[in-house]
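Undergrad: This is the structure I have questions about; it appears just below.
Number of protein chains: 2
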Amino acid sequence: MIHQDAYPVEEWALRETRLDLGLLAQAESLFALSNGHLGLRGNLDEGEPYGAPGTYLNSFHELRSLPYAEAGYGYPEDGQSIVNVTNGKLIRVLIDDEPFDVRYGDLHDHQRWLDLRTGVLYRSADWTSPSGARIRLRSRRIVSLTQRSIAAIRLEIEPVDANVQVVVQSELVANEDQPARSGDPRVAAQLQAPLVAEDAFVHDLRVTLLHATRRSGLRMAAAMDHEVDGPPGTTSRVEAGGDLGRVTVVAHLDPGERLRLTKYLAYGWSARRSPAAVRDQVEAALTAARSGGWKGLLAEQADALANFWDRADVQVDGDPELQQAVRFALFQVHCASTRAERRPVPAKGLTGTGYDGHCFWDTETFLLPVLTYTTPHAAADELRWRESCLPQARDRAANLGLRGAAFPWRTITGAECSAYWPGGTAAFHINADIADAVVRYIKATGDEEFARTTGLAILVETARLWSCLGHHDNDGAFRIDGVTGPDEYSAVADNNVFTNLMAQHNLRAAAATAERHGHAAAELGVTAAEIAAWWWAADTVLIPFDDELGVHPQAENFTRHDRLDFTTLPDDPYPLLLHVPYFDLYRKQVVKQADLVLAMHLRGHAFDPDQKRRNFDYYEELTVRDSSLSAATQAVLAAEVGHLDLALDYAAEAALMDLRDLGHNTRDGLHLASLAGTWLALVAGFGGLRDHGEHLAFAPRLPSGLRGLGFSLLYRGARLRVEIGPEAAAYTVLDEERGIELTHHGEVLYVGPKQTVTRQIPVIAEQPTPRQPPGRAPQRRTAR
Amino acid sequence: MIHQDAYPVEEWALRETRLDLGLLAQAESLFALSNGHLGLRGNLDEGEPYGAPGTYLNSFHELRSLPYAEAGYGYPEDGQSIVNVTNGKLIRVLIDDEPFDVRYGDLHDHQRWLDLRTGVLYRSADWTSPSGARIRLRSRRIVSLTQRSIAAIRLEIEPVDANVQVVVQSELVANEDQPARSGDPRVAAQLQAPLVAEDAFVHDLRVTLLHATRRSGLRMAAAMDHEVDGPPGTTSRVEAGGDLGRVTVVAHLDPGERLRLTKYLAYGWSARRSPAAVRDQVEAALTAARSGGWKGLLAEQADALANFWDRADVQVDGDPELQQAVRFALFQVHCASTRAERRPVPAKGLTGTGYDGHCFWDTETFLLPVLTYTTPHAAADELRWRESCLPQARDRAANLGLRGAAFPWRTITGAECSAYWPGGTAAFHINADIADAVVRYIKATGDEEFARTTGLAILVETARLWSCLGHHDNDGAFRIDGVTGPDEYSAVADNNVFTNLMAQHNLRAAAATAERHGHAAAELGVTAAEIAAWWWAADTVLIPFDDELGVHPQAENFTRHDRLDFTTLPDDPYPLLLHVPYFDLYRKQVVKQADLVLAMHLRGHAFDPDQKRRNFDYYEELTVRDSSLSAATQAVLAAEVGHLDLALDYAAEAALMDLRDLGHNTRDGLHLASLAGTWLALVAGFGGLRDHGEHLAFAPRLPSGLRGLGFSLLYRGARLRVEIGPEAAAYTVLDEERGIELTHHGEVLYVGPKQTVTRQIPVIAEQPTPRQPPGRAPQRRTAR
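Protein sequences, first through last, are from chains U and F. Counted the way our numbering counts, the first sequence spans residues 306 to 1089. Counted the way our numbering counts, the second sequence spans residues 306 to 1089.
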């Protein structure tokens, strides 16, 4: 846990006011910078101490054999792990021959802050060395959002009260030591010395190192160049070879004098290009970056972010902490994806090695709704990445004896890396989740060219999978047996409601899109009979219901299962997976994360309001939220069924997952889905945004803890601004030409160009708050 | 596959008439000798060529870490593997300095035969060396059934037509090379050089080697002593150290002269005793064996087997191959268990390293019925071994959050070694299977002292497990959700009928036995309330039934699942587990091995005759028999419901599993459960033996392919002889004092001491033969 005083609330920054070595690893994740291609953990400039050093290039990975004590047909042979690549952010500093190391000497003051408007990570330190030399050190660091290969650091050192000799070693270091692996299976496999040195190049103060991986056959280059600004007599030397590139600057500084080092970094990798080509690519990027210079990079960065905030900012009135959290969340979601460009956005972005750097369904189900309405090009790119993985997904399906495409549960390259099939391969819902993201993107953008190409290709192949995974029973019902839904504390069950409803949506979307783009569909071999089969399957899909209890069982028989006996467990038994075997979790009514409740969000039309209320309360008692994917969805549904204050509790839990380290694993990287979930909790929760009907739908309603909520959306090329107050909501179309048809609590409204329409919010009686499992009531946001 | 001509049919022997190097590994399993403590594969005396060398001591194992790519709570950390211990059967022979090796020179004649009445493995070879020296070599080998540490070999060599120099190296060799591991997960993990040499001792022609394992901390000794009988001038030398002990005999033989070497072997191991103690123990056994000498050992062996055959022989009239097979089966089952003495009987006995030498539920469900009625002391010993594992089973249950005892799915020492929980830990039925074996043993022997001690301890702890694994739902039904039944192509299902019926039996037996032995039960903490809960759970256990189809689903929803589409599979897709992923097998109506059908055998009273017929035919279409545990059970039920010829087909399949290598893995060791199943198919199938009612029940009925069937049983200390003809059956009690009450096709009969009672067999109309999955109709035994 991180207490609030570590990061005081600010509107537009995340500020750390003192250095707590116990929270170093968490801070490295929080202060990570990324653009979707390159990611730097927020390590101290001087490299040590660290929680985990981290420099990542999207999709640059190594393979490792997956061990099985008892193997089985169709088990993936190789796993993939994101590689900690050559560290270019390292700048060691010696003061009078003593290393600048915050663990020694006296640290009078240490601050770091991430400016969410400019995208710059600031640091300032006031330090006296063990031998008594006092300096001030300032650094600024960016990972460029406009030049995707580029990061840059500016470091300034000045003595406080006496002359000092300063030696600065600006380095590129490959194969850094990694901290020992934890016993927690979720922590990434460590790869010791994954990089093989291929070549090193030096020119002036520029160093380029080329490395390759052993098994995956990938090649990368890291290059650094420098501008040195110091008093007369300042000297620089350069050296490079193997795993080390180093520029050493020596300066003698009197009080009032300053040494300033500007370090430009460029990274690139390729699976195919020659060493020379990869080298040239990064050196070109470096030269381009230097031509604009430090100020140019900063200006571009601020412009890009201003543009982003202009279209995507969410204003929260009445809860400054939540205001800060949602901006931090939007910043990180944006930075993780904006330049990913047909590469995956991993569950932890490029902020740590958690989950081996793999991408899961989180991306489509939690990130892509946010991106679709704020940065649609990034949503499209992500889906184009999935499309590029279709050949592997088709192979996987064929290998499993299925038709169509079976997208991987976890992957970097598109190949399945899950070594535990009940929780991986069997979770076929990922295919419908991807299809759902396709449908949402098409609907929100009206991009029919995308629909005809990428969209149709994905929809058709996933629909084929479903029509093969399910079958019509003797009564004609379309059953999908023996699969795993979102709740990872259940597995291999029959007719999981979420899966069946999402598959229905997928089948219908494939059929409708294929009918709309008949020629393109025919090229994919789609026949009228196939389309008819999709419609039929969708129309007859089995949705189990427990008449006795009046609720939907998460899957067939679920509501007949025993409940977990918490009295036999330790006092704080969460996450349960560390105390209870899967076999027991699976057969009990205990839910790790929203599953049926997520179905009620994404496929809300399939439930009537009474069912939603009863279902929500029923599952609330069972859901332990051992996954960070849960709170946001619970917020959305809590708001819908009238538990508004509970919804705010959950929104805050999603929002503070990383800022307060609620899951105790922020050290391994940020929880991007939970960050995206913050937006969902606010916009889909209190804004009531739904996009599964004919119109973009809103049903705004604020909890007692908020005075106002404002957000913007991009919809079919127009910007829509929504301002919600306690009693009314205002919808403004900012576009000059286009209007938007939407619904407000079911009433259809047309909001014309540059027009604002205001509507009252119907009153809803706050419902009796349901109960959560022992010890799992969310922290209350407002007294009640 | 082994064709019939490799092993011609003989009544009392298994004979190999020529050496087929392609079948060497299979022959090593078939000619394996064991007494339950010590097992020797049927390797050639001279060691090479081999399929796999093998010398095993019951429970002498090494540990190895089980790897998990994705670990989980409660997964066992260590696996156990049976160790190929010091090879003492090795006797290398040089003829004029050329090694006797059947791959070189000319092998004019080579025969091996296992005499099932004397327990001696014979070999004779007529061979001309590459340089033209012709010899006759004869050997005999036994593993003593009366002196459990002892094996002995007598080797005789004589020249055929000219003087030869013969050098014989009789050896003890530790850490032999093993053949490369196959990719099949069922094949054992190879352990390279598992033994660490501790000491070596020499006295005259006696050598003793002491070794220990690295991780499991077990110590073993192997000792050999020799009698040499050759012409004058024959010399002997001895050497020993490290992994090698060797006695070298040199003789010059003229035609008509003979060198005869008698080698005595003794083996022992301990987890606790000192090196000296273990050494002394084997040397004492060796001295004892030598005191009776070779003839003494042979005479004891023949006596022991005569006694066995007298009480256990099964006579099959009309099918000589089946006659041979059932005797081979009984011989191997007897030898695997008679001296196991509170050690497990592994699935492959001590005949190979298949399944790592682990013991499964096969032992209780397939072997113990045979042992109970033929060698009851071995059945009791096996259950006492299970009792000795109760502490580990209690720990395992506690670790899994359960009460009572959870016996391991696979083990050597009693600790769970299954690394795949859906097919291991979740298969809780093993606990009821053990309880069922306890009940059967008590009923068949009337051994109330056993019931009060071992029996009660096992029944109580397993009943506690069931009462915790199941729960009463809102309607009061006792449900056991999320467990795996016998069919390994289904897993983690709700209310598996087999499991629920066996648990019911277990709960009732525990309750009844606790009531009968109130004082002993009280000492185990059993209360009246606990007993009442067991009765209640047993009386309300949920047995799903599909009213629409009129059959029992194997587990809830099973009959609603899709069927496997065989048209998409390769032509010979068996075993399916090599072509279809578990996820797909689990969710389809495809059955690896009798599950519901086994329930109808062991808990026959729970089904009416109509249900049995319909169920049998329904599951027959789904059952692919990819497990060797299936055919025997299908034989039993086929006979009961009137498919008598089909029953004979299945009886033959069970009987010939190893003799014809039907599963293509006899090389890894014999299928003891299938061998035991041969007896079950005949005695429970055509004899109709059932033991779950008040009386021992028979319902004899022969298939058209048999003219007669005779078998003996021990029941409550009396011998019962059953002779079945096409029209009548005769029951004879051979005891002088006790009579037996039994039923014949439902009619209660009392057969007094030394009395024979004959009854007609009611005619049953042969039913239309049901269908099997594509390509899985059993080989037809009789034309029809």
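Where a beta carbon is used, it is the ideal one built from N, C-alpha and C, also for glycine.
1. For threonine 643 of chain U, which three-state DSSP category applies?
2. Just curious, the alpha helix (DSSP H) that arginine 995 of chain F is in, first and last residue?
3. Hey, would you say alanine 937 of chain U sits closer than 8 Å to alanine 959 of chain U, going by beta carbons?
4. Can you name the residues of chain F whose CB is closer than 9 Å to the CB of histidine 866 of chain U?
5. Would you mind working out which of U:Arg1085, U:Leu319, U:Ala1033 sits nearest glycine 636 of chain U, comparing C-alpha positions?
6. Determine, using beta carbons only, whether leucine 705 of chain F comes closer than 8 Å to chain U.
7. For the structure I just gave you, are there three or more beta carbon pairs, one from the stretch 616 to 629 of chain U and one from the stretch 459 to 468 of chain U, closer than 8 Å?
8. Whose Cβ in chain F lies nearer than 8 Å to the Cβ of alanine 374 of chain U?
9. So, leucine 901 of chain F versus asparagine 920 of chain F, is the Cβ gap smaller than 8 Å?
10. Could you tell me how far apart the beta carbons of tryptophan 771 of chain F and asparagine 800 of chain F are, in whole angstroms, since I believe they sit closer than 8 Å?
11. Kindly indicate if chain F contains any beta-carbon less than 8 Å away from that of proline 490 of chain U.
12. I'd like to know whether the C-beta of glutamate 793 of chain U is nearer than 8 Å to at least one C-beta of chain F.
13. At the level of alpha carbons, what is the spacing between aspartate 867 of chain F and histidine 866 of chain U?
14. May I ask you to list the residues that DSSP assigns as paired with asparagine 779 of chain F?
15. Can you list the residues of chain F that proline 858 of chain U reaches, using a CB-CB cut of under 7 Å?
16. Secondary structure at methionine 962 of chain U, three-state DSSP: helix, strand or coil?
17. For the stretch 781 to 867 of chain F, list the alpha helix (DSSP H) runs that are entirely contained and at least 4 residues long, ordered along the chain.
18. Pull up the DSSP beta-bridge partners for threonine 540 of chain U, would you.
19. So with CB distances below 8 Å, who are the chain U contacts of glutamate 861 of chain F?
20. Following the continuous beta strand (DSSP E) through alanine 899 of chain U, name the residue where it begins and the one where it ends.
21. Between the beta-carbon of alanine 762 of chain F and the beta-carbon of leucine 829 of chain F, is there less than 8 Å?
22. Since arginine 524 of chain F and serine 575 of chain F are thought to touch, with beta carbons under 8 Å apart, how far apart are those beta carbons, to the nearest angstrom?
23. Give a yes or no on whether the C-beta atoms belonging to threonine 680 of chain U and serine 642 of chain U are separated by under 8 Å.
24. Quick one: grab the DSSP three-state call for valine 259 of chain F.
25. Hey, leucine 949 of chain F and arginine 1006 of chain F are a contact pair by Cβ (cut 8 Å); roughly how many whole angstroms apart?
26. Aspartate 915 of chain U: which of U:His884, U:Gln894, U:Gly947 sits nearest, CA to CA?
27. From the DSSP secondary-structure annotation, give me the bridge partner or partners of histidine 976 of chain F.
28. Note the first and the last residue of the continuous beta strand (DSSP E) segment covering glutamine 916 of chain U.
29. By DSSP, does aspartate 876 of chain U sit in helix, in strand, or in coil?
30. Could you check the C-alpha separation between leucine 980 of chain F and proline 649 of chain U for me, to the nearest Å?
31. Which residues in the same chain as alanine 978 of chain F place their Cβ atom closer than 7 Å to its Cβ, once the five residues preceding and following it in sequence are excluded?
32. In whole angstroms, what is the alpha-carbon distance linking arginine 1086 of chain F and alanine 986 of chain F?
33. Would tyrosine 1036 of chain U be called buried (16 or more neighbouring beta carbons within 10 Å of its own) or exposed?
34. Considering only the beta carbon of each residue, do aspartate 931 of chain F and leucine 1001 of chain F sit closer than 8 Å?
35. Can you check whether the C-beta of proline 625 of chain F is within less than 8 Å of a C-beta belonging to chain U?
36. Would you grab the beta carbon distance between threonine 423 of chain F and leucine 610 of chain F for me? Rounded to a whole angstrom, and I think it's under 8 Å.
TA: So, from the data block:
1. Looking at threonine 643 of chain U - three-state DSSP - the assignment turns out to be coil, as it is neither helix nor strand.
2. Going by DSSP, arginine 995 of chain F is part of no alpha helix (DSSP H) at all; its letter is neither H nor E.
3. Contact: yes.
4. His776, Asp778, Arg784, Asp786, Gly787, Asp799, listed in chain order.
5. For clarity, residue 636 of chain U is phenylalanine in the given sequence; the question names glycine instead. Among U:Arg1085, U:Leu319, U:Ala1033, the Cα nearest to that of phenylalanine 636 of chain U is on U:Leu319.
6. Taking 8 Å as the CB threshold, leucine 705 of chain F lines the interface with chain U.
7. No, because fewer than three Cβ pairs between the stretch 616 to 629 of chain U and the stretch 459 to 468 of chain U fall closer than 8 Å, the two stretches do not touch.
8. Result: Leu371, Pro372, Tyr373, Gly384, Ala724, Tyr725.
9. Less than 8 Å divides the Cβ of leucine 901 of chain F from the Cβ of asparagine 920 of chain F.
10. With a beta-carbon spacing of about 13 Å, tryptophan 771 of chain F and asparagine 800 of chain F fall beyond the 8 Å limit used to define contacts.
11. With a pLDDT of only 49 at proline 490 of chain U, under 50, the local geometry of the prediction cannot be trusted, and the value read off the model is given with reservation. Yes, proline 490 of chain U lies at the interface with chain F (some Cβ there is under 8 Å from its Cβ).
12. So no, glutamate 793 of chain U is outside the interface.
13. Taking C-alpha positions only, aspartate 867 of chain F is separated from histidine 866 of chain U by approximately 23 Å.
14. Answer is none; asparagine 779 of chain F lacks a bridge partner.
15. Those do not exist, as proline 858 of chain U stays about 12 Å from chain F at its closest Cβ, beyond 7 Å.
16. Methionine 962 of chain U falls in the coil class under three-state DSSP.
17. Fully enclosed alpha helix (DSSP H) runs of no fewer than 4 residues occupy 802 to 821, 823 to 828, 833 to 845 of the stretch 781 to 867 of chain F, in order along the chain.
18. Looking at the DSSP output, threonine 540 of chain U sits in a beta bridge with U:Val555.
19. For a Cβ distance threshold of 8 Å, residue set Asn862 of chain U lies close to glutamate 861 of chain F, ordered along the chain.
20. Neither: alanine 899 of chain U is in no beta strand (DSSP E) and is coded neither H nor E.
21. Less than 8 Å divides the Cβ of alanine 762 of chain F from the Cβ of leucine 829 of chain F.
22. The C-beta distance from arginine 524 of chain F to serine 575 of chain F rounds to 6 Å, short enough to meet the 8 Å contact threshold.
23. The answer is yes: Cβ separation under 8 Å.
24. Nothing about residue 259 of chain F can be reported from this structure: the residues present for chain F run from 306 to 1089 only.
25. Rounded to whole angstroms, the Cβ separation of leucine 949 of chain F and arginine 1006 of chain F is 6 Å, and the two are in contact under 8 Å.
26. Relative to aspartate 915 of chain U, the option among U:His884, U:Gln894, U:Gly947 whose CA is nearest is U:Gly947.
27. Under DSSP, histidine 976 of chain F shares a beta bridge with no residue.
28. Unbroken run through glutamine 916 of chain U is the alpha helix (DSSP H), 914 to 925; no beta strand (DSSP E).
29. Coil.
30. Rounded to whole angstroms, leucine 980 of chain F and proline 649 of chain U show a C-alpha spacing of 55 Å.
31. These residues qualify, in order along the chain: Ala652, Asp667, Phe671, Leu672, Ser933, Leu934.
32. If I take the Cα positions, the gap works out to 14 Å.
33. Counting the other CB atoms within 10 Å of its CB gives tyrosine 1036 of chain U a total of 16 or more, which places it among the buried residues.
34. Taking a C-beta distance under 8 Å as the contact criterion, aspartate 931 of chain F and leucine 1001 of chain F do not qualify as a contact pair.
35. No, no contact with chain U.
36. Your pair threonine 423 of chain F and leucine 610 of chain F checks out as a contact, with CB atoms roughly 7 Å apart and the cut at 8 Å.
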